[in-house]
Amino acid sequence: MSDGGVPAAQVWVDADACPGPVKEILFRAAERAQVAVTLVANQWLRKPPSRFIRSLQVQGGYDVADDAIVERATAGDLVVTQDIPLAARVLANGAQAINPRGDRFTADNIAERLSMRNFMDELRGAGVQTGGPAAFSARDRQAFANQLDRWLATRR
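Here it is, written out as structure tokens:
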């Protein structure tokens, strides 16, 4: 709890596909900034012992982890996800969202990102080879850490 009985902003992680280096950054930030970080996944996840780091294992199934995050994330919280539809849902609830490469999802860019995602899904459904994302790099780690630091600074 923060001052006045209002729950402090926290970080929710769509952890099934979150890169290990991003989790490590989040674990260090949880301790340094004393911010709650919750990993949500449909499998057991290893996490360091900490009063700030929790994991929530949900049932397997389509969007079960996403639904759990949407139910819990509130205004001011940060959601870390690569899932654009999940980002759209938490933005609609007043939370903020970034992907593991440090790209922010915002009210200004989410519709375009959803459109592009759906278009690429259609191409793949038609058998077009679209290629995958680039390998996760040191630059991606740094961009994520910078966005996380910005969010941590604004929550104080």
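Take the sequence shown: its position 71, counted from the start at 1, is 70 in numbering that gives the first Met the number 0, and no numbers get skipped. Every residue gets a Cβ at the ideal spot worked out from N, C-alpha and C, and that includes glycine. Keep in mind that this is a model prediction, so the values were computed, not measured.
Cut-off 8 Å between Cβ atoms - residues of its own chain near residue i, not counting five sequence neighbours on either side
i    : result
Q9   : V34, A35, V36, T37, D76 and L77
P47  : F26
A74  : N92, G93 and A94
R149 : none
Rounded Cβ spacing between residue i and residue j (contact assumed at less than 8 Å)
i    : j    : result
R100 : F51  : The Cβ separation is near 24 Å, so there is no contact.
P84  : L113 : 7 Å
I68  : D13  : 6 Å
V156 : A72  : The shown model of the chain, from 0 to 155, leaves out residue 156, and the question about it has no answer.
Through-space distance from residue j to residue i, alpha-carbon basis
i    : j    : result
Y61  : A94  : 22 Å
R45  : A87  : 28 Å
A40  : A91  : 22 Å
N108 : S49  : 35 Å
L151 : A7   : 11 Å
G130 : G124 : 13 Å
V63  : R31  : 30 Å
E23  : L147 : 12 Å
R82  : D15  : Strictly speaking, residue 82 in this sequence is Asp, with Arg absent from that position. Looking at the two C-alpha atoms, the distance is approximately 11 Å.
Q141 : M119 : 27 Å
F135 : W11  : 21 Å
A28  : E111 : 31 Å
G59  : E70  : 17 Å
Close beta carbons around residue i, own chain, < 7 Å, minus the five adjacent residues each side
i    : result
N145 : G101
T80  : D13, A86, A96 and N98
W43  : Q56
C17  : V79 and P99
DSSP three-state assignment for residue i, whether helix, strand or coil
i    : result
D13  : strand
T153 : helix
F143 : helix
Spatial neighbours of residue i in its chain, beta-carbon cut-off 6 Å, leaving aside the 5 residues before and after
i    : result
V21  : P99 and F143
D139 : R100
Those runs of the alpha helix (DSSP H) which lie wholly inside the region 18–101 and span at least 4 residues = 19–32, 63–71 and 83–91
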